[in-house]
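Engineer: Protein chains in written order, with this note's numbering: chain V, 1 to 443; chain F, 444 to 731.
Backbone N, C-alpha and C fix where the C-beta goes; we use that ideal spot for every residue, glycine too.
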Amino acid sequence: MKPVARFAAALLGSVFAAGLYAGAANAEVTVLGWPGGPEETALRAAADAYNAKDDVSEENKVELLFFNRDGFWDKLQADLAAGSDAFDLNLLATYSIGRYAPFMEPVELSDEAQALYGDAVLSTMQFDGKQYGVPTDLSLHFMYYRKDLIDALMSDDDAKARYADISEEHLGTAMEPKNPDEWTWDDYAATALYFTKAVNPDSPTRYGTVLQMKNLLFNIMVWQSTARSYGGDWMDADGKITVDSEAFRKGLELYKKLYDAGATPRDSLSYEFAEANAAYAAGQVAAMVQWNAAAADLTNAEKSPAVGEVTATIAPPSGPEARATHIHGLGLGLNKSAENKEGANAFLKWLSTEEAALIYARAGGAPALSADAVSSVADERPDLVQLGEYAGAYGYVMNGGASANALAIYELQAKEFTGYWSGQQDLDTALANVEKGMADLLK
Amino acid sequence: METTHRLEWTLLATPLMVFLLVCLGFPAIVNLIYSVSDISFETLRNPEISGFGNFVAVLTDSGFWRANWFSLRFGLLTAILECLIGLGLAVFLAPLFKDRSWPIAILMLPLMVAPALMGLMYRLVLHEFAGPVPHYLWAWFGNSPAFLGPNSAFWTLAVVETLQWTPFAFLLFHMAYQAIPEELREAASIDGVMGLARFWRIELPLMLPTLAAALLIRFIDGFRVFDNVYVLTGSGAGGSTTSLSIYIYEAFFKQAAIGKAVAASVILFAASFAVLYGLNRLARRRRR
Chain V
1 MKPVARFAAA LLGSVFAAGL YAGAANAEVT VLGWPGGPEE TALRAAADAY
51 NAKDDVSEEN KVELLFFNRD GFWDKLQADL AAGSDAFDLN LLATYSIGRY
101 APFMEPVELS DEAQALYGDA VLSTMQFDGK QYGVPTDLSL HFMYYRKDLI
151 DALMSDDDAK ARYADISEEH LGTAMEPKNP DEWTWDDYAA TALYFTKAVN
201 PDSPTRYGTV LQMKNLLFNI MVWQSTARSY GGDWMDADGK ITVDSEAFRK
251 GLELYKKLYD AGATPRDSLS YEFAEANAAY AAGQVAAMVQ WNAAAADLTN
301 AEKSPAVGEV TATIAPPSGP EARATHIHGL GLGLNKSAEN KEGANAFLKW
351 LSTEEAALIY ARAGGAPALS ADAVSSVADE RPDLVQLGEY AGAYGYVMNG
401 GASANALAIY ELQAKEFTGY WSGQQDLDTA LANVEKGMAD LLK
Chain F
444 METTHRLEWT LLATPLMVFL LVCLGFPAIV NLIYSVSDIS FETLRNPEIS
494 GFGNFVAVLT DSGFWRANWF SLRFGLLTAI LECLIGLGLA VFLAPLFKDR
544 SWPIAILMLP LMVAPALMGL MYRLVLHEFA GPVPHYLWAW FGNSPAFLGP
594 NSAFWTLAVV ETLQWTPFAF LLFHMAYQAI PEELREAASI DGVMGLARFW
644 RIELPLMLPT LAAALLIRFI DGFRVFDNVY VLTGSGAGGS TTSLSIYIYE
694 AFFKQAAIGK AVAASVILFA ASFAVLYGLN RLARRRRR
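#1: DSSP three-state label for Ala287 of chain V, please.
#2: At the level of alpha carbons, what is the spacing between Arg628 of chain F and Trp421 of chain V?
#3: For Asp187 of chain V, count neighbouring Cβ atoms within 10 angstroms of its own Cβ and tell me buried if that reaches 16, exposed if not.
#4: If we count the other Cβ atoms within 10 Å of its Cβ and call it buried at 16 or more, is Gly36 of chain V buried or exposed?
#5: Are there 16 or more other CB atoms within 10 angstroms of the CB of Asn489 of chain F, so buried, or fewer, so exposed?
#6: Give the residues of chain F in contact with Glu411 of chain V, contact being defined as C-beta atoms less than 8 Å apart.
#7: Can you say whether Ala366 of chain V is buried or exposed, counting buried as having 16 or more other CB atoms within 10 angstroms of its CB?
#8: Would you say Leu487 of chain F reaches chain V, if we count a Cβ-Cβ gap shorter than 8 Å as a contact?
#9: Checking contacts by CB at 8 Å: is Ala46 of chain V closer than that to chain F?
#10: Do we get a CB-CB distance below 8 Å when we pair Lys256 of chain V with the residues of chain F?
#11: Beta-carbon of Pro102 of chain V versus every beta-carbon of chain F: anything under 8 Å?
#12: For a quick check, are the C-beta atoms of Tyr207 of chain V and Thr196 of chain V less than 8 Å apart?
#13: Using a cut-off of 7 Å between C-beta atoms, extract the partners of Leu591 of chain F located in chain V.
#14: Below 7 Å on C-beta distance, what does Thr676 of chain F contact in chain V?
#15: Closer than 7 Å by C-beta to Phe66 of chain V: which residues in its own chain qualify, once you throw out the five before and the five after it? Chain order, please.
#16: If the cut is a Cβ gap below 7 Å, which residues of chain V does Phe669 of chain F touch?
#17: By alpha-carbon positions, which one of V:Tyr194, V:Lys336 and V:Ser403 ends up nearest to Arg99 of chain V?
#18: The beta strand (DSSP E) that contains Tyr207 of chain V, what's its start and end?
#19: Roughly how many angstroms lie between the CA atoms of Asp158 of chain V and Gly283 of chain V, to the nearest whole one?
#20: Excluding the 5 residues flanking Asp302 of chain V on each side, which residues of the same chain have their C-beta closer than 8 Å to its C-beta?
#21: Taking 8 Å as the CB-CB limit, is Gly419 of chain V close to chain F?
#22: For Asn26 of chain V, does the three-state DSSP call read helix, strand or coil?
#23: Would you identify the three-state DSSP class for Val705 of chain F, choosing helix, strand or coil?
#24: Helix, strand or coil for Lys697 of chain F per DSSP?
#25: Can you check which of these residues, F:Glu571, F:Ala657, F:Val674 and F:Leu649, is closest to Arg69 of chain V by C-alpha distance?
#26: Can you give, in chain order, each stretch of the beta strand (DSSP E) that sits fully within the stretch 113-195 of chain V and has at least 3 residues?
#27: To which residues of the same chain is Tyr21 of chain V closer than 7 Å at the C-beta, ignoring the five residues directly before and after it?
#28: Could you please give the first and the last residue of the uninterrupted alpha helix (DSSP H) stretch that includes Val602 of chain F?
#29: Of all the CB atoms in chain F, is at least one closer than 8 Å to the CB of Lys415 of chain V?
#30: For chain F, is any of its Cβ atoms less than 8 Å away from the one on Glu275 of chain V?
#31: Is Leu258 of chain V near Thr209 of chain V, with beta carbons less than 8 Å apart?
#32: Under 8 Å, Cβ to Cβ, is there at least one residue of chain V near Glu626 of chain F?
#33: So Leu332 of chain V packs on Leu358 of chain V, CB below 8 Å; how close in whole Å?
#34: For a test of the three-state rule: what should DSSP assign to Asp481 of chain F, helix, strand or coil?
#35: Could you check where the alpha helix (DSSP H) with Asn68 of chain V kicks off and where it finishes?
#36: Let me see if you follow: with CB-CB separation under 8 Å, is Leu216 of chain V close to chain F or not?
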């Protein structure tokens with residue numbers, strides 16, 4: 001055979017083989033997951049366990065697919081809307097469920113799911129009364145604080161006197177330091193100011209706190225628990241938008257006051273999850289509100305040598321109305337254009353069993369399990385006990401937070417509120433713009 | 444003869460025309476339809492034509508004009524900086540490049556980095572605790588500017604963009620400079636025109652077409668900037684670093700305002716076309 005003919009034959013053979021492989025791949029259950037971090041590790045472990053089961057046929061084995069986390073939801077939106085069948089199951093989040101529901105199908109969970117997760121957690125994956133996903137991870141917020149610094153403050157009378165002076169000067173009341181589990185937002189603010197070098201040159205840290213103020217929807221989720229604890233909501237029971245309220249003003253002013261006083265790095269207006277963690281892990285921040293996902297790193301002395309051993313976590317501070325933490329779930333749901341719906345449903349049903357949830361939890365995921373279920377992994381994952389406890393006691397979803405335009409509302413608030421924090425517009429203008437924009441988005 | 448010529452032209456041009464129609468014509472027509480439609484992700488395949496509401500929404504949106512202003516300033520500033528530095532490097536380092544290729548390879552390195560990665564890199568480099576630049580500024584001077592703070596973000600972004608794309612401008616100028624006939628320089632030397640005077644009176648005029656092209660290319664690239672800016676600051680506090688590309692992206696994906704985003708892109712296309720057409724006519728008039 002001539003070289004050209006040999007090359008052509010090899011090429012044809014390769015194309016044929018690739019076609020066969022593609023055919024085989026199509027028969028599998030392809031899961032589009034959230035890349036990076038504990039969610040990916042946990043999903044890999046769960047998929048491996050499922051594929052190793054005797055009763056899972058070759059054509060129903062699970063194959064995982066990940067694409068870049070940056071802009072993940074936007075790309076997923078385009079793929080789903082285009083009717084892509086490149087994946088059978090895809091990630092879903094409480095705040096995006098209304099947006100994706102038209103391109104997805106409701107799912108059926110196992111008989112164990114109700115007792116395993118409970119109504120509140122299952123509802124994070126529901127839209128219009130239908131279950132659209134298995135809740136694999138729950139996200140909420142912890143207050144991370146330096147126990148060594150707080151203990152030193154509490155045991156030093158001179159420090160207490162300085163604390164009282166600073167709080168009187170900046171907050172209008174002479175306050176006494178308290179344990180973080182008793183903190184209101186005023187206590188948090190006073191502590192943040194006390195541990196800020198620009199306010200208190202004797203502070204052992206450069207900043208009292210680190211705020212995530214980048215124009216980013218996830219940052220608004222972190223911030224809004226302040227407004228919520230003052231009684232704030234997006235809408236009242238009649239659907240009237242209630243953002244321009246005393247509660248929202250208090251929460252927004254708190255961030256502005258801390259930013260202007262230099263209690264958070266001046267670059268905070270470009271900070272998100274990773275930057276805030278880096279600042280805290282450097283040992284130059286006394287306390288911060290952050291996603292629970294940071295707990296594994298920030299309380300680990302190997303990963304965060306400067307703070308790992310002295311960091312403690314507690315629920316975010318309370319306001320006059322309540323102690324509150326935003327919650328949302330990540331989960332897996334069924335693509336309407338999926339090619340292997342039967343296999344996909346079988347995997348989802350298994351994923352909602354206790355066996356799967358425990359495998360997922362042991363591999364680093366963050367499922368919010370009922371007290372009975374979590375007791376099996378409490379020794380290995382003590383943070384999951386806190387997760388379930390805080391979600392049940394303080395968790396909230398803003399009224400409208402699962403609507404079709406919830407993401408766009410967060411985006412709108414992020415833009416307007418960061419505009420206020422950075423001094424580009426006043427508070428009245430920011431709130432008026434948000435109310436007007438929300439009225440359009442919730443039509 | 445005329446018929447044969449026309450036939451040849453048709454035969455040769457047909458593949459190009461088909462390519463243009465398929466690759467540019469189809470999306471252009473779809474975009475035009477979307478821009479006058481009430482459209483969402485659910486109705487992408489059967490848009491309902493509703494009039495010029497999307498154009499009105501864009502033109503009455505202060506965010507659109509603010510994004511235009513950002514893009515215009517950013518495009519002009521970075522184009523001028525890149526061309527000035529690129530020209531300086533090409534001319535004053537010319538002896539270094541004679542018979543050596545490695546200095547050029549080193550200068551080209553920033554072009555090898557994807558803009559999004561460049562943004563990510565600088566996000567780390569400029570972080571107050573993780574980044575080396577603020578770290579050493581704190582260590583040596585006890586303070587560091589907030590590189591991505593609301594007052595300095597624009598300048599930081601412009602510097603990052605300039606660092607990445609100056610090599611491109613340099614490459615153009617290097618080629619143009621090398622293309623100047625050596626005899627001209629020799630003649631100038633004999634006439635006593637040396638140094639800066641030779642550059643100003645002889646070399647620069649000969650490089651002017653390249654300079655104009657480089658300025659235009661870099662302005663267009665700077666005007667439509669997305670990756671660097673988006674990775675470094677998102678769209679900025681209160682939308683302060685929203686370029687026109689980011690405005691369109693956010694309207695399309697974040698707000699699901701597809702009609703508005705497409706209308707903005709149509710306006711951008713029309714404006715770009717008008718500017719390029721105007722420049723082309725001006726150039727033709729000058730040539731006459």
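Structural biologist: This is what the structure holds:
#1: In the three-state reduction of the DSSP assignment, Ala287 of chain V falls in the strand class, which pools E and B.
#2: Answer to the nearest angstrom: the Cα atoms are 59 Å apart.
#3: Buried, because 16 or more other Cβ atoms sit within 10 Å of the Cβ of Asp187 of chain V.
#4: The residue in question, Gly36 of chain V, is exposed, as its Cβ has fewer than 16 Cβ neighbours within 10 Å.
#5: Counting of Cβ neighbours within 10 angstroms places Asn489 of chain F among the exposed residues, the total staying below 16.
#6: Going along chain F in sequence order, the residues near Glu411 of chain V (Cβ under 8 Å) are Glu693, Lys697 and Gln698.
#7: Buried.
#8: Interface residue, yes.
#9: Not a single C-beta of chain F is nearer than 8 Å to the C-beta of Ala46 of chain V.
#10: No, its Cβ sits nowhere closer than 8 Å to a Cβ of chain F.
#11: Closer than 8 Å: yes.
#12: Their beta carbons are under 8 Å apart, which means Tyr207 of chain V touches Thr196 of chain V by this criterion.
#13: Within chain V, Asp267 and Ser270 have C-beta atoms less than 7 Å from the C-beta of Leu591 of chain F, given in sequence order.
#14: Within 7 Å Cβ-Cβ: Ser270.
#15: Correct list, in chain order: Gly33, Pro35 and Glu40.
#16: Residues of chain V passing the Cβ test: none, with the nearest at roughly 11 Å.
#17: Among V:Tyr194, V:Lys336 and V:Ser403, the Cα nearest to that of Arg99 of chain V is on V:Ser403.
#18: Where Tyr207 of chain V is concerned, the enclosing beta strand (DSSP E) stretches over Tyr207 to Thr209.
#19: Their backbone Cα atoms lie some 23 Å apart in a straight line.
#20: Before going on, a small fix: residue 302 of chain V reads as Glu here, not Asp. Taken in chain order, the residues that qualify are Gly308.
#21: Closer than 8 Å: yes.
#22: Its pLDDT being 49, under 50, Asn26 of chain V is placed unreliably by the model, and nothing is read from it.
#23: Three-state result, Val705 of chain F: helix.
#24: Looking at Lys697 of chain F - three-state DSSP - the assignment turns out to be helix.
#25: For Arg69 of chain V, the closest alpha carbon among the candidates F:Glu571, F:Ala657, F:Val674 and F:Leu649 is that of F:Val674.
#26: Taking only runs of at least 3 residues, the beta strand (DSSP E) segments lying wholly in the stretch 113-195 of chain V are 134-139 and 141-146.
#27: Residue placement at Tyr21 of chain V cannot be trusted, given a pLDDT of 42 that sits under 50; what the coordinates show is reported in the next sentence. Answer for Tyr21 of chain V: no residue qualifies.
#28: For Val602 of chain F, the enclosing alpha helix (DSSP H) covers residues Ala596 to Ala622.
#29: With 8 Å as the cut-off, Lys415 of chain V counts as an interface residue toward chain F.
#30: Yes, Glu275 of chain V counts as interfacial toward chain F.
#31: Yes, the pair counts as a contact, with Cβ atoms nearer than the cut-off.
#32: Not a single CB atom of chain V sits nearer than 8 Å to the CB of Glu626 of chain F.
#33: About 17 Å; that fails the 8 Å criterion.
#34: Three-state DSSP puts Asp481 of chain F in a strand.
#35: Where Asn68 of chain V is concerned, there is no enclosing alpha helix (DSSP H), because DSSP gives it neither an H nor an E.
#36: Taking Cβ atoms only, chain F reaches closer than 8 Å to Leu216 of chain V, which makes this a yes.
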